[in-house]
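Asks:
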Amino acid sequence: MDKDTDKSSLGFPQLDRLRWRVDVTISSNHLARVLQPSILMEMTLSDGSIKTFEVSVEQFHALRHAVARSIHEMEALEPKLEQVAEMERRVERRTAVVKADSLLKKSGYVGGRGG
Numbered sequence: 010m011d012k013d014t015d016k017s018s019l020g021f022p023q024l025d026r027l028r029w030r031v032d033v034t035i036s037s038n039h040l041a042r043v044l045q046p047s048i049l050m051e052m053t054l055s056d057g058s059i060k061t062f063e064v065s066v067e068q069f070h071a072l073r074h075a076v077a078r079s080i081h082e083m084e085a086l087e088p089k090l091e092q093v094a095e096m097e098r099r100v101e102r103r104t105a106v107v108k109a110d111s112l113l114k115k116s117g118y119v120g121g122r123g124g
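Residue numbers (this note's numbering): 10 to 124.
Written out as structure tokens, the structure reads:
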């Protein structure tokens with residue numbers, strides 16, 4: 010699919026920049042030693058907005074798997090969308106032929122002979 014077409018047809022902002030870092034909590038008020046990692050992500054979107062969120066390692070893996078699965082599903086759909094587009098082109102060509110035949114019949118032109 011054409012990327013320029015995708016941008017204008019979806020209406021959602023695009024991801025312009027993704028920054029991330031891994032933070033590790035070494036200790037807390039309740040426990041002397043925690044050593045719990047988390048991932049802090051900052052997304053800058055094409056509309057200028059910045060979204061920041063923090064996820065656990067488990068949540069990050071779930072997000073990563075969900076994104077990979079979505080990409081796989083989109084790749085599987087792409088050939089089917091191409092088939093639909095080809096069918097639409099065929100229908101448009103057939104419709105044009107039928108309209109042309111109808112106009113020719115109305116004008117009295119039949120089978121290569123006039124009136």
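Virtual Cβ for every residue (Gly too), placed ideally from N, Cα, C. In this text the structure is predicted, and so the values were computed from the model without any measurement.
Rounding to the nearest angstrom, what Cα-Cα distance links residue 185 and residue 67 in this structure?
Replies: Limits of the chain in this structure are 10 at one end and 124 at the other, which puts residue 185 out of reach.
Asks: Residue 64 and residue 72 look like a contact to me (Cβ under 8 Å); what is the Cβ gap, rounded to whole Å?
Replies: On the sequence shown, residue 64 is found 55 positions in, with the first residue counted as 1. On the sequence shown, residue 72 is found 63 positions in, with the first residue counted as 1. So it is a contact: roughly 7 Å between Cβ atoms.
Asks: Kindly indicate which three-state DSSP category residue 43 falls into: helix, strand or coil?
Replies: Residue 43 sits at position 34 when you count from the first residue of the sequence shown. If DSSP states are grouped into helix, strand and coil, residue 43 belongs with coil.
Asks: Would residue 24 and residue 52 be called neighbours here (beta carbons separated by less than 8 Å)?
Replies: By 1-based counting over the sequence shown, the position of residue 24 is 15. By 1-based counting over the sequence shown, the position of residue 52 is 43. For residue 24 and residue 52, yes; Cβs fall inside 8 Å.
Asks: Determine the DSSP secondary structure at residue 14, reduced to helix, strand or coil.
Replies: Here the question's residue 14 lines up with position 5 in the sequence shown. Since pLDDT at residue 14 reaches only 48, below the 50 mark, its modelled position is unreliable, and no value is offered.
Asks: Determine which residues share a DSSP beta bridge with residue 50 and list them.
Replies: For the purposes of this step, residue 50 is taken as the residue at position 41 of the sequence shown. In the DSSP output, where bridge partners are listed per residue, residue 50 has 29 and 62.
Asks: Based on the DSSP secondary-structure assignment, which residues constitute the bridge partners of residue 24?
Replies: Translated into positions along the sequence shown, residue 24 becomes position 15. Per DSSP, 54.
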